[in-house]
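S.K.: Numbering follows the numbering used here, in which position 162 of the sequence shown is assigned residue number 164; successive positions increment by one, without gaps.
Yeah, the Cβ is synthetic: ideal placement off N, Cα and C, and Gly gets one too.
I have a structure here, written as structure tokens, and I will follow up with some questions on it.
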Amino acid sequence: MNDVLNQRRAGVLLHITSLPSQNLGQDAYYFVDFLKSIGVSVWQVLPLGITHEDGSPYQSLSAHAGNPHLISLPWLVKQGWLTEEELCEKCENSVFECDCLLNKAFTGFHMHASNTEKKDFTEFCNRQGYWLDDFALFMVLRQKFGQTSWNTWADEYKNRHSDTMNDVRFALKDAIHSVKFTQYVFFKQWIALKTYANENGVLLFGDIPIFVSYDSSDVWANRDVFKLNDCGEMSVVAGVPPDYFSQTGQRWGNPHYDWTYLHANEFNWWLARMATQSTLFDIVRIDHFRGLESAWEIPASEPTAIKGEWVLAVGDELLSAITAQFNHQVALVAEDLGIITPEVEALRKKFNLPGMKILQFAFSGETTNPYLPQYHEPNSVVYTGTHDNDTTVGWAQNLTDVERLYVCETLKLDEKNANITHAMMRCALDSVANLAILPMQDILELDSSNRMNTPGTTVGNWQWKFSWEQVSSEKCQHIAQWIGDAGRVH
3 MNDVLNQRRA
13 GVLLHITSLP
23 SQNLGQDAYY
33 FVDFLKSIGV
43 SVWQVLPLGI
53 THEDGSPYQS
63 LSAHAGNPHL
73 ISLPWLVKQG
83 WLTEEELCEK
93 CENSVFECDC
103 LLNKAFTGFH
113 MHASNTEKKD
123 FTEFCNRQGY
133 WLDDFALFMV
143 LRQKFGQTSW
153 NTWADEYKNR
163 HSDTMNDVRF
173 ALKDAIHSVK
183 FTQYVFFKQW
193 IALKTYANEN
203 GVLLFGDIPI
213 FVSYDSSDVW
223 ANRDVFKLND
233 CGEMSVVAGV
243 PPDYFSQTGQ
253 RWGNPHYDWT
263 YLHANEFNWW
273 LARMATQSTL
283 FDIVRIDHFR
293 GLESAWEIPA
303 SEPTAIKGEW
313 VLAVGDELLS
323 AITAQFNHQV
333 ALVAEDLGII
343 TPEVEALRKK
353 FNLPGMKILQ
363 FAFSGETTNP
373 YLPQYHEPNS
383 VVYTGTHDND
393 TTVGWAQNLT
403 DVERLYVCET
413 LKLDEKNANI
423 THAMMRCALD
433 SVANLAILPM
443 QDILELDSSN
453 RMNTPGTTVG
463 NWQWKFSWEQ
473 VSSEKCQHIA
483 QWIGDAGRVH
């Protein structure tokens with residue numbers, strides 16, 4: 003679909019919240035400079051959406067909207083929409099503080115923005131109206147109902163009665179416009195970062211969760227797209243059966259798609275979703291790609307993912323529609339981990355999508371393990387580990403003696419003096435895979451306490467961030483040398 007992945011490239015996996023400032027401010031630009039300095043041409047991030055209380059970017063309030071808490075507030079001061087005094091006001095609740103400052107910036111925008119800036123905002127609202135109108139309405143209603151899920155709202159709001167919605171649009175028009183302004187700021191900051199990255203030879207690589215959160219503007223405003231009953235409740239939820247990550251599987255709790263409805267409506271909802279992603283990214287990973295061939299449906303009453311069944315999807319038709327509309331605009335990558343059947347593999351290959359190779363999975367002892375380096379192929383993306391894996395230092399520390407011996411033998415290392423983390427990074431970079439991605443934790447050689455996420459758990463995840471003091475010149479020189487030796491510099 004796109005030729006950017008037909009070249010040998012090196013990338014780094016680091017979410018925006020793992021930057022020292024955890025936002026789209028100066029640290030994000032410094033990180034682009036860092037990537038360029040070591041020969042990296044791809045920056046992979048996690049989904050950018052508004053998270054729920056657990057902080058997971060894979061459970062968002064919108065499939066389109068950016069998280070306002072990623073916005074750089076000093077940027078608003080530079081625009082003249084917020085004052086230094088307002089920015090310096092302290093509050094114990096940083097999330098509340100951010101929301102308050104964004105509201106003040108909206109007031110400042112109306113008072114001080116130029117006519118050109120106001121026109122730009124209006125054009126953004128019109129251009130993004132296909133999702134922004136429903137999202138802004140959803141967010142002000144969620145505020146009205148104490149941040150509770152939409153299915154608990156009063157019926158006229160839950161079911162979007164037209165008279166009630168018109169009343170809300172009139173009564174809360176300022177709040178609605180404030181939500182739209184926040185998205186305007188987010189997109190403006192993101193596009194500026196993307197432009198800077200691209201000008202410096204760095205592509206932005208995003209992640210699109212195949213499923214969306216039940217408590218989201220998407221489900222509230224598009225109930226026909228999902229398998230819901232007449233009351234808007236789920237009878238089945240998404241997840242995966244028991245696997246490497248969890249003995250009881252993973253019960254994600256997302257609604258499943260009504261593929262019959264989507265097919266009959268020419269996949270308009272999905273195409274709209276891809277339109278937003280193609281604006282934000284150069285490359286997009288479809289998380290849980292196998293769900294486009296068939297998905298694990300779990301009865302909503304079940305507490306785990308053990309009891310479920312695979313139900314066919316219409317990924318062939320969907321990917322055909324995406325290819326027809328977005329050919330050459332964005333490159334797609336298939337997250338093909340877990341239980342992958344010949345049918346899933348055939349679907350990926352039909353659309354020539356790169357799959358994923360995870361080196362931490364390669365050392366099961368089976369000579370036919372598909373993650374072993376000798377089974378990699380150019381049309382793939384190789385990782386030491388992903389955001390769901392332990393850091394490579396932590397992984398190596400937890401190997402048994404037998405496992406460690408096998409890793410060292412496979413990678414041709416002296417067991418007594420082996421630096422497994424270095425060897426794994428070099429193995430990834432030396433792979434025939436066109437794209438090799440290293441998590442920032444591995445570059446910094448950090449242990450398990452710096453892990454980003456542990457699947458199947460809901461506490462203590464998504465919180466890791468690095469500091470610039472950890473980025474030593476010695477580590478940079480090593481990585482830059484290895485990237486150069488592997489022929490991945492652009």
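Using 10 angstroms around the beta-carbon of LYS80, count the other beta-carbons present and answer buried if the total reaches 16, otherwise exposed.
M.R.: The residue you call residue 80 lines up with position 78 of the sequence shown. LYS80 is exposed by the Cβ-count criterion.
S.K.: In chain order, what residues of the same chain have a beta carbon less than 7 Å from the beta carbon of LEU134, not counting five sequence neighbours either side?
M.R.: Here residue 134 refers to the residue found at position 132 of the sequence shown. Within the same chain, LEU134 has close Cβ partners CYS127, LYS182, GLN185.
S.K.: Which class does SER382 belong to by DSSP, given the choice of helix, strand or coil?
M.R.: Against the sequence shown, residue 382 aligns to sequence position 380. Residue state, collapsed to three classes: strand.
S.K.: For GLY387 and GLN483, what's the separation of their Cα atoms in angstroms?
M.R.: As a working mapping, residue 387 is identified with position 385 in the sequence shown. As a working mapping, residue 483 is identified with position 481 in the sequence shown. When rounded, the distance between both Cα atoms is 21 Å.
S.K.: Are the CB atoms of LEU431 and ALA420 within a distance shorter than 8 Å?
M.R.: Here residue 420 is taken as the residue at index 418 of the sequence shown, counted from 1. Here residue 431 is taken as the residue at index 429 of the sequence shown, counted from 1. No, Cβ-Cβ distance for ALA420 and LEU431 is not below 8 Å.
S.K.: Residues in its own chain within less than 7 Å of THR456 by CB, not counting five upstream and five downstream?
M.R.: In the sequence shown, the residue the question calls residue 456 occupies position 454. So the qualifying residues of the chain are ASN463.
S.K.: How would you write the range of the beta strand (DSSP E) that PRO211 sits in, first residue to last?
M.R.: Residue mapping note: residue 211 aligns to position 209 of the sequence shown, counting from 1. Run containing PRO211: 205 to 211, per the beta strand (DSSP E) assignment.
S.K.: Using the beta-carbon count (16 or more within 10 Å), is TRP470 buried or exposed?
M.R.: Within the sequence shown, numbered from 1, the residue matching residue 470 stands at position 468. When all chains shown are included, TRP470 counts as exposed.
S.K.: Nearest CA to the CA of ASN371: which residue from LEU339, ALA65, LYS352?
M.R.: Working through the sequence shown from its first residue, we reach residue 371 at position 369. Comparing Cα-Cα distances from ASN371 to each of LEU339, ALA65, LYS352, the minimum goes to LEU339.
S.K.: What is the C-beta distance between PHE283 and PHE207, in whole angstroms, given that I count them as a contact (C-beta under 8 Å)?
M.R.: Here residue 283 refers to the residue found at position 281 when the sequence shown is read from its first residue. Here residue 207 refers to the residue found at position 205 when the sequence shown is read from its first residue. Yes, they are in contact, since the Cβ atoms of PHE283 and PHE207 sit about 6 Å apart, within 8 Å.
S.K.: Helix, strand or coil for TYR259? Go by DSSP, reduced to three states.
M.R.: Position 257 of the sequence shown, counted from the start, is the residue given in the question as residue 259. Correct three-state label for TYR259: strand.
S.K.: Does the beta-carbon distance from ASP289 to ILE210 come in below 8 Å?
M.R.: Sequence index remark: in the sequence shown, residue 289 carries index 287 (1-based). Sequence index remark: in the sequence shown, residue 210 carries index 208 (1-based). Their beta carbons are under 8 Å apart, which means ASP289 touches ILE210 by this criterion.
S.K.: Please state whether DSSP places GLU94 in a helix, a strand or coil.
M.R.: Here residue 94 refers to the residue found at position 92 of the sequence shown. Low confidence applies to GLU94: its pLDDT is 47, below 50, so where it sits in the model is not reliable, and the reading given next is rough at best. Reduced to three states, the DSSP call for GLU94 is coil.
S.K.: Just mark MET454 as buried or exposed, buried being the case when its beta carbon has 16 or more other beta carbons within 10 Å.
M.R.: In the sequence shown, the residue the question calls residue 454 occupies position 452. It counts as buried.
S.K.: Just how far apart, CA to CA, sit VAL491 and ALA12?
M.R.: For the purposes of this step, residue 491 is taken as residue 489 along the sequence shown, with counting starting at 1. For the purposes of this step, residue 12 is taken as residue 10 along the sequence shown, with counting starting at 1. Straight-line Cα distance between these residues: approximately 7 Å.
S.K.: Relative to the C-alpha of ILE445, which candidate in VAL242, VAL395, SER74 has its C-alpha closest?
M.R.: As a working note, residue 445 is residue 443 in the sequence shown. If we check each option's Cα against that of ILE445, VAL395 comes out closest.
S.K.: To the nearest angstrom, report how far apart THR197 and GLU99 are at their CA atoms.
M.R.: Along the sequence shown, read from residue 1 onward, the residue named residue 197 stands at position 195. Along the sequence shown, read from residue 1 onward, the residue named residue 99 stands at position 97. Rounded to whole angstroms, THR197 to GLU99 spans 29 Å at the Cα level.
S.K.: Kindly indicate which residue of ALA333, ALA240, SER248 has the alpha-carbon position closest to the one of ALA497.
M.R.: Missing from the structure shown is residue 497; the chain here goes from 3 to 492 and no further.
S.K.: Closest by CA to VAL44, which one among LEU72, VAL286, LEU139?
M.R.: As a first step, residue 44 is located in the sequence shown; it is residue number 42 there, counting from the start. Comparing Cα-Cα distances from VAL44 to each of LEU72, VAL286, LEU139, the minimum goes to VAL286.
S.K.: Can you grab the Cα-Cα spacing for the pair TRP271 / LYS418, in whole Å?
M.R.: By one-based count along the sequence shown, residue 271 stands at place 269. By one-based count along the sequence shown, residue 418 stands at place 416. TRP271 and LYS418 have their C-alpha atoms spaced approximately 56 Å apart.
S.K.: For ILE178, count neighbouring Cβ atoms within 10 angstroms of its own Cβ and tell me buried if that reaches 16, exposed if not.
M.R.: In the sequence shown, the residue the question calls residue 178 occupies position 176. Only buried fits ILE178, as 16 or more other CB atoms lie within 10 angstroms of its CB.
S.K.: Using 8 Å for Cβ pairs, my map puts LEU415 next to VAL204. What's the rounded Cβ distance?
M.R.: As a first step, residue 415 is located in the sequence shown; it is residue number 413 there, counting from the start. As a first step, residue 204 is located in the sequence shown; it is residue number 202 there, counting from the start. LEU415 to VAL204, Cβ: 32 Å. No contact.
S.K.: Which stretch, first to last residue, makes up the beta strand (DSSP E) that contains LEU431?
M.R.: Looking up residue 431 in the sequence shown gives position 429. Run containing LEU431: none in the beta strand (DSSP E); it sits in the alpha helix (DSSP H), 422 to 432.
S.K.: On the three-state DSSP scale, how would you describe ARG292?
M.R.: The count along the sequence shown starts at 1 and reaches residue 292 at position 290. Of the three classes helix, strand and coil, the one that applies to ARG292 here is helix, per DSSP.
S.K.: Check the DSSP bridge columns for ILE439 and list the partner residues they point to.
M.R.: Stepping through the sequence shown from its first residue, residue 439 is reached at position 437. In the DSSP output, where bridge partners are listed per residue, ILE439 has GLY13, TYR385.
S.K.: So, does the region 353 to 365 touch the region 375 to 390, judging by three or more C-beta pairs under 8 Å?
M.R.: yes
S.K.: What number of angstroms, rounded off, separates the C-alpha of TYR373 from the C-alpha of ALA488?
M.R.: Translated into the one-based positions of the sequence shown, residue 373 becomes position 371. Translated into the one-based positions of the sequence shown, residue 488 becomes position 486. Straight-line Cα distance between these residues: approximately 19 Å.
S.K.: Taking the alpha-carbon positions, what's the HIS330 to LEU273 distance?
M.R.: Position 328 of the sequence shown, counted from the first residue, corresponds to residue 330. Position 271 of the sequence shown, counted from the first residue, corresponds to residue 273. For HIS330 and LEU273, the distance between alpha carbons rounds to 15 Å.
S.K.: Who pairs with ARG287 in a beta bridge, going by DSSP?
M.R.: Working through the sequence shown from its first residue, we reach residue 287 at position 285. Answer is ASP209, VAL335, bridged to ARG287.
S.K.: Of the residues SER215, VAL313, ALA425, ASP232, which one's Cα is nearest the Cα of ILE300?
M.R.: Reading the sequence shown from its first residue, position 298 is the one you call residue 300. The residue with the shortest Cα to Cα distance from ILE300 is VAL313.
S.K.: Between which two residues does the beta strand (DSSP E) harbouring VAL395 extend?
M.R.: By one-based count along the sequence shown, residue 395 stands at place 393. Not the beta strand (DSSP E): VAL395 falls in the alpha helix (DSSP H), residues 394 to 399.
S.K.: Inspect the beta-carbon positions of SER64 and SER164 and report whether they are closer than 8 Å.
M.R.: Here residue 64 corresponds to residue number 62 of the sequence shown, with the count starting at 1. Here residue 164 corresponds to residue number 162 of the sequence shown, with the count starting at 1. Their beta carbons are not under 8 Å apart, which means SER64 does not touch SER164 by this criterion.
S.K.: From which residue to which residue does the beta strand (DSSP E) around GLY357 run?
M.R.: Here residue 357 corresponds to residue number 355 of the sequence shown, with the count starting at 1. Per DSSP, GLY357 belongs to the beta strand (DSSP E) from 357 to 360.
S.K.: Apply the 10 Å Cβ neighbour rule to LYS229 and answer buried if 16 or more other Cβ atoms are within range, or exposed otherwise.
M.R.: Here residue 229 corresponds to residue number 227 of the sequence shown, with the count starting at 1. It counts as buried.
S.K.: What first and last residue would you give for the alpha helix (DSSP H) that runs through VAL493?
M.R.: Because the chain is modelled from 3 through 492, residue 493 falls outside the range shown and cannot be assessed.
S.K.: From the DSSP output, read off the bridge partner residues of MET236.
M.R.: Residue mapping note: residue 236 aligns to position 234 of the sequence shown, counting from 1. Answer is LEU230.
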